[in-house]
Amino acid sequence: MKHVISPLDLTVEEIDRLLALADDIIDHPQAYAHKCAGKKLATLFFEPSTRTRLSFEAAMLELGGSVLGFSSASSSSATKGESVADTVRIVGNYADVIAMRHPKEGAAGVGALFAKCPIINAGDGGHQHPTQTLTDLLTIHRHKGRLNGLTLCLCGDLKFGRTVHSLVRAMMRYQDVRFILVSPDELRMPTYILDELDAGGFAYEETDSLEKGLAQADVLYMTRVQQERFANREDYLRLRDSYILDGEKMKLAPAEMIVLHPLPRVNEIAPEVDDDPRALYFEQALCGKYIRMALILTLLEQAGGFEKPCAAQICTREKTALPARVLEVLQGADPAGVQLPERIVNAVCCKNPHCITTTEQGLAQVFTLADADKGTYRCLYCEHEYQA
Amino acid sequence: MKHVISPLDLTVEEIDRLLALADDIIDHPQAYAHKCAGKKLATLFFEPSTRTRLSFEAAMLELGGSVLGFSSASSSSATKGESVADTVRIVGNYADVIAMRHPKEGAAGVGALFAKCPIINAGDGGHQHPTQTLTDLLTIHRHKGRLNGLTLCLCGDLKFGRTVHSLVRAMMRYQDVRFILVSPDELRMPTYILDELDAGGFAYEETDSLEKGLAQADVLYMTRVQQERFANREDYLRLRDSYILDGEKMKLAPAEMIVLHPLPRVNEIAPEVDDDPRALYFEQALCGKYIRMALILTLLEQAGGFEKPCAAQICTREKTALPARVLEVLQGADPAGVQLPERIVNAVCCKNPHCITTTEQGLAQVFTLADADKGTYRCLYCEHEYQA
Amino acid sequence: MKHVISPLDLTVEEIDRLLALADDIIDHPQAYAHKCAGKKLATLFFEPSTRTRLSFEAAMLELGGSVLGFSSASSSSATKGESVADTVRIVGNYADVIAMRHPKEGAAGVGALFAKCPIINAGDGGHQHPTQTLTDLLTIHRHKGRLNGLTLCLCGDLKFGRTVHSLVRAMMRYQDVRFILVSPDELRMPTYILDELDAGGFAYEETDSLEKGLAQADVLYMTRVQQERFANREDYLRLRDSYILDGEKMKLAPAEMIVLHPLPRVNEIAPEVDDDPRALYFEQALCGKYIRMALILTLLEQAGGFEKPCAAQICTREKTALPARVLEVLQGADPAGVQLPERIVNAVCCKNPHCITTTEQGLAQVFTLADADKGTYRCLYCEHEYQA
C-alpha cells in the first residue's frame, strides 16, 4: 500500500485494518493527536471540492501534522502548462504525503508513477474517489456492525454515479450482500456492473420505485439526479420527484435503515429528513475525516520504496511494434491464435476525451491486455477500454 | 453567547469582558500562545476579504490553534449549489469554530441555525460585520480609556456604510455620546437611525463640512465615498475632495483626536496623514487581531449546547395560515384590533433581493413581529421589514 | 539585511553564510524543526505560483512556524483597489515575515518601504526573483563544491529570462567564471549585460548551438523558448527543437555537468532526461526549500529597526523643481556642466508600463541619478531608466 488510487487497490484485510484504526481513533483521539507531528500533507486540488479538501486537512491537523497546497487550478502553476508529473515530483520535495484531485481520469495514477511520496487519489474526474468509498464503508460498518449480509438500496443516477459504482464493487468483496437498484430508465446501472454482479453470484433487482426499494433496505444510498442527464426538461421534471427522499417516503422505510449520501446534495433529500435519526449523511462526512486520518497515518508509517518511482520503467521513446494480426484484433477481429503483447506502448492513443493523456505532456500512451480471450486492452491511466 | 451574528447580540457586559480580555492578551501574549492548541478555526469566505480573513487566521494561530477553510466561493462547493446550511453542518465536523463571510444578508444567521459549533459572522453582505464593530470599540477604548462621554465624527457614505451604522448603534449603549454626521446630502444617515438617536436622547448634528465636523471630535471615523453612489460623475467629482482627509484638514483637528477607518481605503485619506500620530487605522487592524483572539477564546470556552441546533424548531413544511385581516395589515392596513401572529412561516417571501432566502434552498421563509402597534414584520435572516 | 528585494541586495559574505546555513539545515533538519515556533509567514501572492509559494510554506513549516496568506489576487482585497503599501502595513500586524509575489515591477520594493517586518521578494513581474537565484547558487555549490572557476552554459530565452539575468549578475561576483550563451538570434542576451561582462573582464561566448555549448559546460542552465517571443510561427517551429534538451544531446555533455531549470518546464527538456543522474532540476526545487529556510531564519533573527519604515522619508507632497538645463539632460542633452539633482521626486513619471507606479495609488514618483556622466536616472521601484 504505497499509493491509494482506486478502492480496489486495497485488499479486504487492508480495509479491515483501516476501519479498525478509524474506530480506535474515534475512541481515543488524544492518542493520535501528535502521531504526524512534523509531517506535511499537500492538498493539490486542480478542481475545487470543499468537503473533500477540508476533510483531508482536518484529518492531518488532528494527527498533529500540517497542511499546504492549492484549492483550484487557477491558483496553481497548472495555468502555466506544468504537467501533473512535474507538479507531483516538485511537491514531493515539500510534503510527506499528497492528496490530489484532478478533473482528468487517470491523473492521480500518473502522479503515483512519478511521486517520491504516497499519493491519495481525492477524485480523478469520473474515474475513482477511493476515500469516498472508504468513508461509506466506515459509516455502514459503524452503524450496522458488519459489511456482510446487508441489503443496499442505491437510488438516483446509477449510470454516471462514480461513488455508486465504487461502492457496489467494494461491497461485492463481502458475503451475502444484496443490491436494490432504483433509478429512472435513462439512468440505470451500466451493464458491465450488472455483469460483475451476475458473475459474483450476487442477488440484485432493478426498479424505478424508491418506495418499493427502501422498504427492504438496511442501507439507502441516495445520489443526485441531474437535469442535464435527460434529453428534455419534461422527462426530468416528471421523474425528479420520484427520486426525492422526503418525510413521507421515510415512513415506509425500516426503523433500522440508514440513509447515506456522498454530498453535496441539491434537492434530492428534503430538509425535513435531516432531523430523522436514520439520516446519517452529515455523520458520514465526519466518518470521512476519521477514515482519512487512518489512511494518512497508515501510508506515512509504511512509506518507503519511493527511491525509484515506477515511471522509470516506462520509456517515453519506446514504441511497441504492432504486427498486422494484432492491429486486426484491436479493430475487432477474433483474437484466437494471435500472440497478443501484454502491453502496447506509444502505438495507439486513448480515445477517452477525459483521459489524462489528452492533456499531460510527455506521457507514454500505455495499454495493458485486459482480456486475452476477447482481445481487449485497457488504458493504463483511465482504465477505459481501447476503441478502434 | 453561542454565536456572534450581530454586534447587538452581545450585552454591554459581554463587550466589556471581551475588551478586557483583549487588553490582557496584548499585555501577556505568551500566556495565551497555547490556549487553543488542538482546536481548529474554519474560515469560510464565500467572498474574498484579505484583512478580515488573515486577521482571523492570525488570531487563531497566535492562540496556538490551526486554520482551514476557503477564501472565495470559486474554490468552494458553493459552485455546486450546496446550501449554507449543509456547508456549515459538514464543516462543523472539521472545525471547532467557524468564521464566515457571505455576500447574502442573513447568511451567517442561517449558519447559526444549523451549526454544531460557534459561528462568527465575518460579514454578511450589507447586513452585519460584528468583529469590525468590536475592533472599533477596542481601538477607541484603548486610546480614549473610555467609551462614555465621547464625541464621534463619522464621515463619508453614511447612507450605505454598514460599519458606520453598526458603530452608531453600538455606541448608543454608552452614556453621553455625541455624534457629528458628515456626508454629502446624497449619502446622509438613514432616517431610521436618526430616529433611534432621537429616541435614545442622543445629541447629534448633520453637516456637509468635514472641517467643521472634525474640529470638535474625539474620534474621526472615515469611510469611503464611492462614485457609483452618485447619479452623475460631475456630482461625484465636485463632492469627492470635501471628504478626503489630508494634512491641511488634520491641522484643524484636536491634538487628541484619533482617526479610524475600517479599510481598505482607496483615496479618502491622503498618504501624508499616515505618518500623523493621530492616524490609527493601521493600529486598528492590529486591534482587530486581538479582539478576534478574545472572541474565539471566549466562544470556545463557552461552547456547548449545540446538540440540537435551533433549525430543528423551524419546520420547512409548516405554513402559517393568514386570515384576511392579517393580510390587510401586511398590505398596510391599520393593525388596531387585529390578532397578529408572532411569527409567519412560509406564507410570504422576503422582498430584499440580497436576502439569503433568495438563494438558499430548503430554507423556511420566516418573519417575526417587529412592532405590533405598527403591524410590521421583519425577516428572521436579513432583518429587512416585510414589504407588501 | 532587513529585506531581500534583489539578489544583489546581499553581499557575497551574506550569500556565503546563507549557503552554509542551508547546508547545515540539510544535514541537521531536527536542529531547526522548532526554530521559528510561534512565528508566522505571510505569503502574499498577487499572482499564482505553486512552486514558489509551496516552497516558502514548506520552509516555514519545517522551521516550526505557521503560514497564512493568499494565492491569487482574486482572493485578496487587491480586487477592492487596496494599495500594496496598505496591504503590507496591515499584514505586518498579522505576520512576522512576508513573502510577496506581484505582477508589477518594483512591487516588493514598495512593500519594503512601508513594512514593519521583513519582506522577501518572491518575484515582481519581470524584475527580480532573488530566492530563485539563491536556489540556483545553492544547487551549484552543493554539486560543484564551489562557485569560482565554473563554466556556465545558459540556454534558451536569454533576452527576457529574468532568472538568467539574475544568475549571470550573481555569478559575476565570483572568480574565473565563464559564460556560454546559447540562444536563437532573436533572444540573445541584452547588450547591457554583455557590457557588464566586458567591464568585469569575464570570458563569454555567444552561440546558437546547444550541442556546442554544453560540450564545455560545468553547469547547463535551461530556460524556456516561448512561441510568443517570435514574430511568426514558422521561425518558432524551425528553431524550437534546437533548444530542446534530449537524450541525444546529453550524450555530448561532460559526465560531471549538471542540468538546472527554474521550472515549470513545458517541453524544453525531454522526459527521458529526467532519469539522467545529471538532471538536477527536481533536486533544485528541493534546494529552493532549504535556502528559503535559511533566509527566513536569518531575516527573523536579524529583524529589527522597523519602527520607522523608510517610506516616511519620501514625502508624497514633495516636488523636485527641474531647471530648464536639467530638463534638457532628461531629454538627452549632454550633462556636462549641469548640476544634476541626486533625486527627482514627483516631477516626471516612469514610462515602464509594468512599473508598480502605474497602479499603486499615493506613491511618489522617484528617480535616482544612475550615471552622472551620462545624465541617466533610474526609477526607484522598477529600476528602469528614465525615458523622455
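Residue numbers (the numbering used here), protein chains in the order written: chain A, -15 to 372; chain B, -15 to 372; chain C, -15 to 372.
Where a beta carbon is used, it is the ideal one built from N, C-alpha and C, also for glycine.
Here the structure is a predicted model, which is why all the values come from computation and not from measurement.
Problem - Best match in Val75(C), Ala42(C), Gly22(C) for proximity to Gly49(B) [C-alpha to C-alpha] - result: Residue 49(B) sits at position 65 when you count from the first residue of the second sequence. Looking at the Cα atoms, Gly22(C) is the closest of the given residues.
(request) Could you tell me which residues DSSP pairs with Ile253(A) in its beta bridges? (result) The residue you call residue 253(A) lines up with position 269 of the first sequence. In DSSP, Ile253(A) forms a bridge with Leu229(A).
Review point. In whole angstroms, what is the alpha-carbon distance linking Thr207(C) and Val(-12)(A)?
Key: As a working mapping, residue 207(C) is identified with position 223 in the third sequence. As a working mapping, residue -12(A) is identified with position 4 in the first sequence. About 35 Å.
Please list, in chain order, the residues of the stretch 72 to 83 of chain A that have any C-beta partner in chain C closer than 9 Å. Arg73, Ile74, Val75, Gly76, Asn77, Tyr78, Ala79
- Task: Report yes if the CB atom of Asp202(A) is closer than 8 Å to the CB atom of Thr135(A), and no otherwise.
- Result: Taking the first sequence and counting its residues from 1, the one referred to as residue 202(A) is at position 218. Taking the first sequence and counting its residues from 1, the one referred to as residue 135(A) is at position 151. Closer than 8 Å, so yes.
Report task. Determine which residues share a DSSP beta bridge with Arg157(A) and list them. Result -> Position 173 of the first sequence holds residue 157(A). Answer by DSSP bridge pairing: none, since Arg157(A) is not bridged.
#### Entry: Close-in-space but distant-in-sequence residues of the same chain around Val170(C) (CB under 7 Å, 5 per side omitted)
On the third sequence, residue 170(C) is found 186 positions in, with the first residue counted as 1. Residue identity check: residue 170(C) is Glu in the sequence provided, not Val. Arg213, Phe214.
Does the stretch 99 to 109 of chain A touch the stretch 76 to 90 of chain A, meaning 3 or more C-beta pairs lie closer than 8 Å? yes
Quiz prompt | Residue range of the beta strand (DSSP E) that includes Met206(C) | solution = The count along the third sequence starts at 1 and reaches residue 206(C) at position 222. Element bounds for Met206(C): 203 to 206.
Q. Taking the DSSP output, what are the residues bridged to Val(-12)(A)?
A. Locating residue -12(A) in the first sequence gives position 4, counting from the first residue. Answer by DSSP bridge pairing, in chain order: Ile104(A).
Straight-line Cα distance separating Ala308(A) from Pro319(A)
The residue given as residue 319(A) occupies position 335 in the first sequence. The residue given as residue 308(A) occupies position 324 in the first sequence. Cα to Cα, Pro319(A) sits roughly 12 Å from Ala308(A).
Applying a beta-carbon distance threshold of less than 7 Å, which residues of chain A neighbour Ser50(B)? For the purposes of this step, residue 50(B) is identified with residue 66 of the second sequence, where counting begins at 1. Those are Leu45, listed as they occur along chain A.
| Endpoints, beta strand (DSSP E) assigned at Phe54(B) | Taking the second sequence and counting its residues from 1, one reaches residue 54(B) at position 70. Taken as a continuous stretch (DSSP letters only), the beta strand (DSSP E) holding Phe54(B) covers 50 to 54.
Give a yes or no on whether 8 Å exceeds the smallest Cβ distance from Lys24(C) to chain B.
The residue labelled residue 24(C) in the question sits at position 40 within the third sequence. Yes, Lys24(C) counts as interfacial toward chain B.
**Prompt:** So is Ala276(C) buried or exposed if we call it buried at 16+ other beta carbons inside 10 Å?
**Reply:** What you label residue 276(C) is simply residue 292 of the third sequence in a count that begins at 1. According to the sequence provided, residue 276(C) is Arg. The question's Ala does not apply to it. So Arg276(C) counts as buried.
Can you have a look at Pro337(B) and say buried or exposed, based on whether 16 or more other CB atoms are within 10 angstroms of its CB?
-> Walking along the second sequence from the start, residue 337(B) turns up at place 353. When all chains shown are included, Pro337(B) counts as exposed.
Suppose contacts are defined by Cβ-Cβ distances below 8 Å. Is Val332(C) in contact with Gln349(C) by that definition?
Mapped onto the third sequence, residue 332(C) falls at position 348. Mapped onto the third sequence, residue 349(C) falls at position 365. Closer than 8 Å, so yes.
Which of helix, strand or coil DSSP assigns to Leu236(A):
Taking the first sequence and counting its residues from 1, the one referred to as residue 236(A) is at position 252. Three-state DSSP puts Leu236(A) in coil, outside helix and strand.
So is Thr175(A) buried or exposed if we call it buried at 16+ other beta carbons inside 10 Å?
In the first sequence, counting from the first residue as 1, residue 175(A) sits at position 191. Exposed.
Proximal residues of chain B, C-beta to C-beta of Gly300(C) below 9 Å = Counted from its first residue, the third sequence places residue 300(C) at position 316. Checking the displayed sequence, the identity of residue 300(C) turns out to be Thr instead of Gly. Residues of chain B passing the Cβ test: Ala254, Pro255, Glu256.
- Rank Asn251(A), Leu(-6)(A), Tyr274(A) by C-alpha distance to the C-alpha of Thr36(A) and give the top, closest one. What you label residue 36(A) is simply residue 52 of the first sequence in a count that begins at 1. Among Asn251(A), Leu(-6)(A), Tyr274(A), the Cα nearest to that of Thr36(A) is on Tyr274(A).
Practice prompt. State yes or no: is the beta carbon of Gln159(C) nearer than 8 Å to at least one beta carbon in chain B?
Written response: One-based indexing of the third sequence puts residue 159(C) at position 175. It does not: the Cβ of Gln159(C) has no partner Cβ on chain B nearer than 8 Å.
- Message: Cβ closer than 7 Å: which chain C residues qualify as neighbours of Glu66(A)?
- Response: Mapped onto the first sequence, residue 66(A) falls at position 82. Those are Pro248, listed as they occur along chain C.
Next on the checklist: Taking the beta strand (DSSP E) that Ile242(B) belongs to, which residues open and close that run?
Outcome noted: Taking the second sequence and counting its residues from 1, the one referred to as residue 242(B) is at position 258. Segment 242 to 244, the beta strand (DSSP E) holding Ile242(B).
Where do the ends of the alpha helix (DSSP H) carrying Glu344(A) lie?
Your numbering for residue 344(A) matches position 360 in the first sequence. From DSSP, Glu344(A) is part of no alpha helix (DSSP H); its letter is neither H nor E.
Exercise. Looking at the C-beta of Gln349(A), does it have a partner C-beta in chain C at a distance below 8 Å?
Worked result: Within the first sequence, residue 349(A) is the residue found at index 365, counting from 1. It does not; no Cβ of chain C falls within 8 Å.
Quiz item: Does Phe54(B) get closer than 8 Å to chain A when you measure Cβ to Cβ?
Solution: Along the second sequence, read from residue 1 onward, the residue named residue 54(B) stands at position 70. By this cut-off, Phe54(B) is an interface position.
Determine the DSSP secondary structure at Cys339(C), reduced to helix, strand or coil.
Position 355 of the third sequence, counted from the start, is the residue given in the question as residue 339(C). In this structure, Cys339(C) counts as strand in the three-state DSSP scheme.
Sequence-distant residues of its chain with Cβ nearer than 7 Å to Leu151(C) (five each side left out)
Counting from one through the third sequence, the residue named residue 151(C) turns up at place 167. Contacts found: Thr117, Asp120, Tyr205.
Are the C-beta atoms of Gln14(C) and some chain B residue less than 8 Å apart? Position 30 of the third sequence, counted from the start, is the residue given in the question as residue 14(C). So, not an interface residue.
- Message: Using CA atoms only, rank isn't needed, just tell me which of Gln315(C), Val329(C), Pro255(C) is closest to Arg301(A).
- Response: Taking the first residue of the first sequence as position 1, residue 301(A) is located at position 317. Taking only the C-alpha atoms, the option nearest Arg301(A) is Pro255(C).
What residues in its chain sit with their C-beta under 6 Å from that of Asn132(C), if we drop five residues either side in the sequence? As a first step, residue 132(C) must be located in the third sequence, where it is residue number 148. Tyr158, Gln159, Asp160, listed in sequence order.
Original post:
What is the DSSP secondary structure of His127(B), reduced to helix, strand or coil?
Top reply: One-based indexing of the second sequence puts residue 127(B) at position 143. His127(B): helix per DSSP, three-state reduction.
**Prompt:** Once you ignore the five residues that flank Phe40(C) on each side, which residues in its own chain have a CB closer than 7 Å to its CB?
**Reply:** Within the third sequence, the letter at position 56 stands for residue 40(C). Cβ within range, chain order: Leu25, Thr27, Ala83, Ala106, Arg276.
- Using a Cβ-Cβ cut-off of 8 Å, state whether Gly93(B) counts as contacting chain A. For the purposes of this step, residue 93(B) is taken as residue 109 along the second sequence, with counting starting at 1. Not an interface residue.
Next on the checklist: Going by DSSP, what residue range makes up the beta strand (DSSP E) through Lys24(C)?
Outcome noted: In the third sequence, the residue the question calls residue 24(C) occupies position 40. Note, Lys24(C): beta strand (DSSP E), 24 to 29.
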